[in-house]
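Notes to accompany the following structure.
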Amino acid sequence: MPFINSTLTVKLDKEKENKLKTELGKLIELLPGKSEEWLMVGFKDDYPLYFKGEKKDKAAFIEVKIFGSAEKSAKNNLVSEISNLMERELSIPKDSIYITIDEVSTWAWNGKLF
Amino acid sequence: MPFINSTLTVKLDKEKENKLKTELGKLIELLPGKSEEWLMVGFKDDYPLYFKGEKKDKAAFIEVKIFGSAEKSAKNNLVSEISNLMERELSIPKDSIYITIDEVSTWAWNGKLF
Amino acid sequence: MPFINSTLTVKLDKEKENKLKTELGKLIELLPGKSEEWLMVGFKDDYPLYFKGEKKDKAAFIEVKIFGSAEKSAKNNLVSEISNLMERELSIPKDSIYITIDEVSTWAWNGKLF
Numbered sequence: 100m101p102f103i104n105s106t107l108t109v110k111l112d113k114e115k116e117n118k119l120k121t122e123l124g125k126l127i128e129l130l131p132g133k134s135e136e137w138l139m140v141g142f143k144d145d146y147p148l149y150f151k152g153e154k155k156d157k158a159a160f161i162e163v164k165i166f167g168s169a170e171k172s173a174k175n176n177l178v179s180e181i182s183n184l185m186e187r188e189l190s191i192p193k194d195s196i197y198i199t200i201d202e203v204s205t206w207a208w209n210g211k212l213f
Numbered sequence: 100m101p102f103i104n105s106t107l108t109v110k111l112d113k114e115k116e117n118k119l120k121t122e123l124g125k126l127i128e129l130l131p132g133k134s135e136e137w138l139m140v141g142f143k144d145d146y147p148l149y150f151k152g153e154k155k156d157k158a159a160f161i162e163v164k165i166f167g168s169a170e171k172s173a174k175n176n177l178v179s180e181i182s183n184l185m186e187r188e189l190s191i192p193k194d195s196i197y198i199t200i201d202e203v204s205t206w207a208w209n210g211k212l213f
Numbered sequence: 100m101p102f103i104n105s106t107l108t109v110k111l112d113k114e115k116e117n118k119l120k121t122e123l124g125k126l127i128e129l130l131p132g133k134s135e136e137w138l139m140v141g142f143k144d145d146y147p148l149y150f151k152g153e154k155k156d157k158a159a160f161i162e163v164k165i166f167g168s169a170e171k172s173a174k175n176n177l178v179s180e181i182s183n184l185m186e187r188e189l190s191i192p193k194d195s196i197y198i199t200i201d202e203v204s205t206w207a208w209n210g211k212l213f
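Protein chains in written order, with the working numbering: chain A, 100 to 213; chain B, 100 to 213; chain C, 100 to 213.
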């Protein structure tokens, strides 16, 4: 039950959005027990972000929400690869990317709490 | 001090948005001590969401934030009824709806922390 | 590593957005150890918010995320000043502003967890 929501300064076309979704679907497997089978992905593009006091052409705030918890080493692998992905596909420098991982205990699907 | 923010793939017209807001204002009472008197409601419609690897015409990610905590049974009733509401009003299948409930300890209104 | 995301009913022009960003960059120093040097700021304007059952012309939901934690007194100063700022610059009444502070333990920058 993960959710990855990417808030991006850049504008995404359909092709790029699809590519990112596909890659995130693979990367989520870096967290044990997680897979694209339960992954929801959202994109908020063309969004105004300021960092260190300046309006950025290229920056990202990425929220990963997972049900339950994960080991720090697995989380480190995930944030490293998500950063690589955003730098490679969108030319967003890694040092303008924040990623938070929120380990959520109250999560519902299909009308019921897990 | 609850906040319910609905991120939806579908486009909302004013009438539908108003209907959802009104119903959410009733449903929040399923959490003891909560009511529309303190409820803020937001809608982010026409938003790209992918689930299980596919772009969805009908999906939702709904964040419920509450100040303090609530019993699991009450939370279960709430997510069940919110899911019913979204399925009934927006034809979003319940199995394409994620809901998280975030029990927030640091919440301010009117310039002061509760 | 703070992030302040303001969801606002009002529409922002560039000048106002820049002013808010600059002021938030000063206010974040109310939290010991935090400064604009590490602050990301985002704005979601012209957003539909309902409060107490009514659609509001002037309301705000502001999320402050910080890495680690802060003393309650410092957090109280911060929410007080952010509320003053929004009231002064955007004419949003303080009693239509919710602010949450989320103390995040899993936060990455530059491809690595802190």
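C-beta atoms are modelled at their ideal positions from N, C-alpha and C, and glycine is treated no differently.
All of these numbers come straight from a predicted model, not from anything done at the bench.
Who does residue i pair with in a DSSP beta bridge?
i	result
residue 199 of chain C	B:206, C:162
residue 148 of chain A	C:141
residue 211 of chain B	B:208
residue 153 of chain B	B:150
Only counting the same chain, and skipping five residues up and downstream in sequence, which positions put a Cβ closer than 8 Å to that of residue i?
i	result
residue 195 of chain B	150, 155, 157, 158, 159
residue 126 of chain C	177, 180, 181, 184
residue 131 of chain B	169, 170, 173
residue 118 of chain A	188
residue 193 of chain A	182, 183, 185, 186
Assign residue i to one of two classes, buried (16 or more other C-beta atoms within 10 Å of its C-beta) or exposed (fewer than that).
i	result
residue 211 of chain A	exposed
residue 55 of chain A	Residue coverage of chain A in this structure runs from 100 to 213, which leaves residue 55 of chain A outside it and unanswerable.
residue 153 of chain A	exposed
residue 213 of chain A	exposed
residue 113 of chain A	exposed
residue 190 of chain B	exposed
With a threshold of 8 Å (Cβ to nearest heavy atom), would residue i be considered close to the ligand GDP?
i	result
residue 124 of chain A	Ligands in the displayed structure: none, and consequently the ligand GDP is not present.
In terms of residue numbering, what span does the alpha helix (DSSP H) encompassing residue i cover?
i	result
residue 140 of chain A	Where residue 140 of chain A is concerned, there is no enclosing alpha helix (DSSP H), although the beta strand (DSSP E) it sits in stretches over 139-143.
residue 132 of chain C	Here residue 132 of chain C belongs to no alpha helix (DSSP H), and DSSP marks it neither H nor E.
residue 115 of chain B	113-126
residue 174 of chain A	171-189
Starting from residue i and walking both ways along the beta strand (DSSP E), at which residues does that stretch end?
i	result
residue 105 of chain A	102-107
Using C-beta distances below 7 Å, list every residue in its chain close to residue i, excluding the 5 sequence neighbours before and after it, in chain order.
i	result
residue 110 of chain B	144, 145
residue 40 of chain A	As displayed, chain A neither begins before 100 nor continues past 213, which places residue 40 of chain A out of reach and without an answer.
residue 120 of chain A	140
To which residues of the same chain is residue i closer than 6 Å at the C-beta, ignoring the five residues directly before and after it?
i	result
residue 137 of chain C	100
residue 164 of chain B	102, 201, 203
residue 134 of chain C	128
residue 148 of chain C	108, 155, 158
residue 197 of chain C	160
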